[in-house]
Amino acid sequence: MGFSFFCSRINVLLLLAFCSSCKFIQGPMDFEPLKILQTTASASLDFGRIFFNSPSAVLRPQNPEEIYQLLTFLSASSFSKVTVAARGAGHSIHGQAQALNGIVIEMDSLPPSIKIHRKRDGEPGLSYADVSGGALWVDLLRESLKVGLAPRSWTDYLYLSIGGTLSNAGISGQTFKYGPQISNVLQLDVVTGRGELVTCSPIQGPDLFYSVLGGLGQFGVITSARILLQDAPEKVKWIRAFYDNFEIFTKDQELLVSMENKVDYVEGFMVLNEQSLQGSSVSFPSYMGFIQQRHATSSDVFYCIEFAVHCHLEKESSVDQVVEEISKQLSYMPSFIYSVEVSYFDFLNRVRMEEMSLRSRGLWEVSHPWLNMLVPKSGIAQFRDLLLENISPHTFEGHILIYPILRNKWNSNTSAVLPESGDDNVIYIVSVLRSANPTTCSSKCLADLLDQNGRVIEAATESRIGAKQYLCHLSLERQWRKHFGGKWERFLTRKSEFDPLHILAPGQGIFQRKNSQNQ
1 MGFSFFCSRI NVLLLLAFCS SCKFIQGPMD FEPLKILQTT ASASLDFGRI FFNSPSAVLR
61 PQNPEEIYQL LTFLSASSFS KVTVAARGAG HSIHGQAQAL NGIVIEMDSL PPSIKIHRKR
121 DGEPGLSYAD VSGGALWVDL LRESLKVGLA PRSWTDYLYL SIGGTLSNAG ISGQTFKYGP
181 QISNVLQLDV VTGRGELVTC SPIQGPDLFY SVLGGLGQFG VITSARILLQ DAPEKVKWIR
241 AFYDNFEIFT KDQELLVSME NKVDYVEGFM VLNEQSLQGS SVSFPSYMGF IQQRHATSSD
301 VFYCIEFAVH CHLEKESSVD QVVEEISKQL SYMPSFIYSV EVSYFDFLNR VRMEEMSLRS
361 RGLWEVSHPW LNMLVPKSGI AQFRDLLLEN ISPHTFEGHI LIYPILRNKW NSNTSAVLPE
421 SGDDNVIYIV SVLRSANPTT CSSKCLADLL DQNGRVIEAA TESRIGAKQY LCHLSLERQW
481 RKHFGGKWER FLTRKSEFDP LHILAPGQGI FQRKNSQNQ
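The following block contains the structure:
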């Protein structure tokens, strides 16, 4: 890189001299070839709209080398305490991708490169896509479908960045079958906190590869990922069945995830009131008389299982038979089962319809005091009771998802954390997804909801239930130590190896920034 590299060093050192006080940018500054900009409106904003930590500057890289240059100089500086956060689609809830008085790298400025490799018949290896870290999953879906392929594992919402979900786990109704998205990655390009640009995989640099997957951005910035692909179905048979008994509901969910040769997707949700059902029905194009009929029963809380079976054209004639065979083994409320057939793209993109509905009512760009927990099978009934002790079914606004995933589909080498208690292979993901409507929920109301979440977390993470947070928000080291449990020491070792100055992802609140003199 020669002269350009030298110029970058001089310019970034000038930047560091300015930012030693951490509040340094009065206007856009062009540090050629790095363009360090004044903070943007998006850099201190995320989907949660709970924390608004403003950085002092923003980098909008045009290629991974610019990220490499920035982190190289920061890691080499003995006087700077600047931190760096990579921001993808900004869908964090508690400011995890923010960097107070630091630098935010807006990953959406990277060229959204997507290169599809389809394995030919008889050719060894796998089909895959090489995708830039700032690209969105929905764009990967569109491109891969053009050649009849698609990733195996998804999130419910597709307008998230590749690097963002891989830094957490990436879970949805396919996780029981294929594992989370981090179990479906073949290779990564990463810029570490040391400023090293590394290509890593399970064979080449496995320590970094597994550290970064589920690593909460602590070890490096994902600039590219190689995602495993499979043949995509043309359509999906999508079924919803309703229950008035929680034990039967969970038993049937566990039965469905044991049928991975027949079932392709399993989720479920609590029906607390009419609003919670109508909100979940926006994307399900079928009339459901259950909305009216539920008032004729004495139960306050109902449950819905949704599962799906892929329809491949060459096998379409058998899909209805498969669904019928599955349905006969379930113990749902008589008559309350519904099915529709939709395109594969529309099925995967179903939450987009709910987003559009919420946007039309001004309920998308509001605070989202969400709570996501991973609960062992042995504690799921107690966790359900804990939830109902802390929320009122009649006034609750939002959705509560409950569905099983399987521990053996996760690679324990990654940094992702699962409940440690019990020997059960079944773990439940429970997501309490609320929107704090500003017309009905004041700042005190929002604070009360967050306190309510805190009480649930405190009780659920004790040994009686043994749950773990997913998309964690903690602020004290002892809390993080408890969260990681037996993985904590390994996490510390990996941090020391790949980001020893604690430059990366300050918004997670795990580590305090160091300089080389107090390392």
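495 is the number that UniProt numbering gives to position 495 of the sequence shown; each next residue is one higher, with no gaps. We put the beta carbon where it would ideally sit given N, CA and C, even for glycine.
Check                                                                                                                                                           : Outcome
To the nearest angstrom, report how far apart Trp154 and Asn53 are at their CA atoms.                                                                           : 29 Å
Report yes if the C-beta distance between Glu497 and Ser211 is below 9 Å; otherwise report no.                                                                  : yes
Grab the span of the beta strand (DSSP E) containing Met270 for me, first residue to last.                                                                      : Tyr265 to Val271
With a threshold of 8 Å, are at least 3 pairs of Cβ atoms found where one atom belongs to the stretch 105-121 and the other to the stretch 138-152?             : yes
Could you pull out every unbroken beta strand (DSSP E) segment of at least 3 residues lying fully inside the stretch 396-484, listed in chain order?            : 398-406 and 426-434
Within a Cβ cutoff of 7 Å, which residues of the same chain sit near residue 523, ignoring the five residues on either side of it in sequence?                  : Any question about residue 523 goes unanswered here, given that the chain covers just 1 to 519.
If we call anything under 9 Å between Cβ atoms a contact, is Met333 one with Ala241?                                                                            : yes
Would you kindly check if the distance between the Cβ of Ala86 and the Cβ of Ile114 is under 9 Å?                                                               : no
Mapping DSSP to helix, strand and coil, what is Gln187?                                                                                                         : strand
Is the beta carbon of Arg384 sitting closer than 9 Å to the one on Phe246?                                                                                      : yes
Would you call Glu389 buried or exposed, if buried means 16 or more other Cβ atoms sit within 10 Å of its Cβ?                                                   : exposed
For Asp207, report the span of its alpha helix (DSSP H) as first-last.                                                                                          : Pro206 to Val212
Output the boundary residues of the alpha helix (DSSP H) element that contains Phe498.                                                                          : Trp488 to Phe498
For Leu145, which residues of its own chain have a beta-carbon under 8 Å away from its beta-carbon, when the five flanking residues on both sides are left out? : Ala232, Tyr344 and Phe345
Here's the rule I'm using: 16 or more other beta-carbon atoms within 10 Å means buried, otherwise exposed. How should His502 be labelled?                       : buried
Relative to the C-alpha of Gly173, which residue among Ser331, Asp451, Leu387 and Asn349 is closest?                                                            : Asn349
For the structure I just gave you, are there three or more beta carbon pairs, one from the stretch 55-74 and one from the stretch 356-376, closer than 8 Å?     : no
Which same chain residues, not among the five before or five after Leu449, have their C-beta less than 8 Å away from its C-beta?                                : Pro369, Arg434, Ala436 and Cys441
Return helix, strand or coil for Lys377, following the three-state DSSP convention.                                                                             : helix
Taking the runs of the beta strand (DSSP E) that are 3 residues or longer, which of them lie wholly in the stretch 133-178?                                     : 149-151
Does the distance from the CB of His91 to the CB of Leu141 come in under 9 Å?                                                                                   : no
Roughly how many angstroms separate the alpha carbons of Pro419 and Lys35, rounded to a whole number?                                                           : 43 Å
Within a Cβ cutoff of 7 Å, which residues of the same chain sit near Gln512, ignoring the five residues on either side of it in sequence?                       : His502
Given a threshold of 16 other Cβ atoms within 10 Å of its Cβ, counted over all protein chains shown, does Ser42 qualify as buried or as exposed?                : exposed
According to DSSP, what are the bridge partners of His310?                                                                                                      : Val236
Quick check on the burial criterion: 16 or more other C-beta atoms within 10 angstroms. Buried or exposed for Gly195?                                           : buried
Name the two residues that bound the continuous alpha helix (DSSP H) containing Thr223.                                                                         : Looking at the DSSP string, Thr223 is not in any alpha helix (DSSP H); the run it does join, the beta strand (DSSP E), is Gly220 to Asp231.
Determine the DSSP secondary structure at Tyr68, reduced to helix, strand or coil.                                                                              : helix
With DSSP as the reference, please indicate the residues paired to Thr199 in a beta bridge.                                                                     : Asp189
Cβ of Tyr265 within 9 Å of Cβ of Lys177?                                                                                                                        : yes
Sort out for me which residues DSSP pairs Val342 with in a bridge.                                                                                              : Val236
Tell me, which residues are paired with Glu106 by DSSP?                                                                                                         : Arg87
Just the C-alpha distance for Asp424 and Leu197, rounded to the nearest angstrom, thanks.                                                                       : 39 Å
Is Ser367 helix, strand or coil by DSSP?                                                                                                                        : strand
Identify whether Ile510 lies in helix, strand or coil by the three-state DSSP scheme.                                                                           : coil
For Val131, does the three-state DSSP call read helix, strand or coil?                                                                                          : strand
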